[in-house]
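Below: one structure, written as structure tokens.
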Amino acid sequence: MRTPTILVFAAVALLTLTGAREVAWTVDRDASRIELAVQAFGGSHRGRFSDWGGDIVFDPADPDRTRALIVVRSASLTMSPAAISARATGPAFLDAARHPVIRFDLRSLEPAGGDRYTAHAVVTMKGVARPVSFPVDLRLTGDRAHLTGAFVLNRADFGIGTSGPWNRLVGRQVTVRVALQAHRA
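Heads up, our numbering is the position in the sequence shown plus 29, with the first residue counted as 1.
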């Protein structure tokens, strides 16, 4: 598996801007990331997913028909300290043993002017699917692309940490940030 949310957006946007029918892009995994941030236990906590990948279908003549599926391995979330990682991937939250993947299904990419696009997608976690729309920035330099974007999810919408003491100790709003660096293959 290789690149989630960001890979999809970058490749799609890159194809849109170049006007090419089919263009392959290779993600620089060392320079790309999918991260999250949440308020918990009186402070802000950040995490990063290390195992993800996806497929993209794109028609340069019709960017609205862009499709991508990114799959993130929920057990690959790492937070600091390590005890938080174990709780975040455990039964009360992501429940990685029973729900090993988080799906990001890009349904369309809408040009918003200049280097900006609006991504329309469906995020599925723990068997619950919710729509999300959010802005992304894409910058091209020669054969290289850099894409960034962020969106907010309500963890309760996915049944994450909604029972027991965690519901009061962990913020409901989770910010997901993506950054992708890619080059034309």
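The beta-carbon is built from N, C-alpha and C at its ideal position, and this holds for glycine as well.
| Item | Value |
| --- | --- |
| For glutamate 64 and threonine 204, the rounded distance between their alpha carbons | 8 Å |
| Local conformation of serine 162 per DSSP, three classes | strand |
| C-alpha distance - asparagine 196 paired with glycine 190, whole-angstrom precision | 6 Å |
| Three-state secondary structure (DSSP) of aspartate 75 | Going by the sequence as given, residue 75 is arginine instead of aspartate. Three-state result, arginine 75: strand. |
| Proximity below 8 Å, CB of threonine 118 to CB of leucine 106 | yes |
| Burial state of glutamine 210, where buried means 16 or more other Cβ atoms lie within 10 Å | buried |
| Cut-off 6 Å between Cβ atoms - residues of its own chain near glutamine 202, not counting five sequence neighbours on either side | Val181 |
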